[in-house]
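Structure first, then comments.
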Amino acid sequence: MDARNVTATDDGIGAGDIWVFGYGSLMWRPGFEHVARADALLRGYRRRLCVVSRHHRGTAARPGLVMGLDRGGACRGVAYRVPEAAVPETLAYLDEREIAHYPVYRRSMVTVDLGDGRRQRAVTYTVDRREADYAGALSVDQQAAIVAGAHGLSGPNAEYLRQTVAHVHAMGLRDRALEAVLAALAEPSPATEEIARRTLGF
């Protein structure tokens, strides 16, 4: 997406600096200019391994799973402050990274609580449950089976999951749902790939 076609007023963002909330790979690999970084809490959404990936962490022939912000609960992540001059380029970059390969994502404006107590409006990407690539009803074993054998442009799906859990732990937090999938990965069964195949139909 061309940065010249993305303005700071898109989706009610407004002029000036913006904040971006990351909950998956943006926590350790933002890829855009920022002048501040803060731990942040988003209420009303939770981090879930619920988006089918056929690009970054899987392929069309062998899909993987990546994180999505799904309704319900709360999510701790990282907020980045982006200077006004870099906003169009940043939004274009994020739309390309998130939406171009994942139609399930929607750019959204949310309110997050920063670590210092401030409340701040932020740009993030939430999931649309109506999309075909939304995979929010999978069991732990199904998630682990899909992740185990998937590898995409950005690397192995299992490494993506490990990095996400590691960064959540580095913040002094737990994500028991993701930890359960990680534990299941450590105990693969002969039926793992068959479970993945039956689940996603590849």
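Sequential numbering from 9 applies to the sequence shown in the working numbering.
Beta carbons: idealized from backbone N, C-alpha and C, even for Gly.
Check your understanding: Hey, would you say residue 86 sits closer than 7 Å to residue 74, going by beta carbons?
Key -> no
Taking Cβ positions, are residue 30 and residue 172 nearer each other than 7 Å?
no
### Task
Work out the CA separation of residue 153 and residue 203 for me, nearest whole Å.
6 Å
Next item on the list: Look up residue 26 in the DSSP assignment and give the residues it is bridged to.
Entry: 90
Check: Smallest Cα separation from residue 139: which of 107, 44 and 65?
Finding: 107
So, helix, strand or coil for residue 113, using DSSP?
strand
In terms of residues, what are the limits of the alpha helix (DSSP H) holding residue 189? 184-193
- prompt: Roughly how many whole angstroms lie between the Cα atoms of residue 197 and residue 161?
  reply: 26 Å
Exercise. Just to confirm, are residue 135 and residue 112 a CB contact at a threshold of 7 Å?
Worked result: yes
In the DSSP assignment, find the unbroken alpha helix (DSSP H) run with residue 129 in it and report its ends. Not the alpha helix (DSSP H): residue 129 falls in the beta strand (DSSP E), residues 127-135.
**Prompt:** Straight-line CA distance for residue 209 to residue 174?
**Reply:** 30 Å
DSSP has residue 48 in a bridge; who is on the other side? 85 and 122
Excluding the 5 residues flanking residue 148 on each side, which residues of the same chain have their C-beta closer than 7 Å to its C-beta?
Closer than 7 Å at Cβ, skipping near neighbours: 188, 189 and 192.
Item to check | C-beta atoms of residue 54 and residue 76 nearer than 7 Å | outcome: No, the pair does not count as a contact, with Cβ atoms beyond the cut-off.
- Message: In this structure, how does DSSP classify residue 149 when only helix, strand and coil are distinguished?
- Response: helix
Presumed contact (8 Å Cβ cut-off) between residue 143 and residue 155, rounded CB distance:
Not really, about 11 Å apart at Cβ, beyond 8 Å.
Open item on the list: I'd like to know whether the C-beta atoms of residue 81 and residue 72 end up nearer to each other than 7 Å.
Closed with: no
Q: Just tell me which of 176, 151 and 179 has its CA closest to the CA of residue 205.
A: 151
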